[in-house]
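In our numbering, the protein residues as written are 2 to 116.
For glycine and all other residues, C-beta sits at the position ideal for the given N, C-alpha and C.
Keep in mind that this is a model prediction, so the values were computed, not measured.
These notes concern the structure reproduced below.
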């Protein structure tokens, strides 16, 4: 007897996946006819599709514009806070018997913004 054993080769299995040596896809046989059928089918949904497109565009515009608006609002809040803080600091350093007119705070805010 021989020590050699006869092994049968396993059949080769095609590998799937992204790099599995798969062939190219099939070529469309009637592209125009298929597109015509698709457009006819979607014609019933044209208003809904138009609404989706308009909402998508408006959403994109809001996503682009909103950070700028938020930044400007934040800057305004900081300016107002700083002007109030400066007003309070100045009024604390004034003598105790000093009286300021009621609209003085608004005038001070305008002056501090111009500086």
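Beta carbon proximity, residue i to chain E, threshold 8 Å
i: residue 70; result: The chain inventory of the structure shown lacks chain E, comprising one protein chain alone.
Host alpha helix (DSSP H) of residue i (start-end)
i: residue 94; result: 47-94
i: residue 38; result: 32-43
CB contact flag (residue i, residue j, <8 Å)
i: residue 51; j: residue 43; result: no
Span separating the alpha-carbon of residue i from that of residue j
i: residue 40; j: residue 34; result: 10 Å
i: residue 46; j: residue 72; result: 40 Å
i: residue 88; j: residue 76; result: 18 Å
i: residue 86; j: residue 65; result: 33 Å
i: residue 26; j: residue 32; result: 14 Å
i: residue 90; j: residue 81; result: 14 Å
i: residue 54; j: residue 61; result: 11 Å
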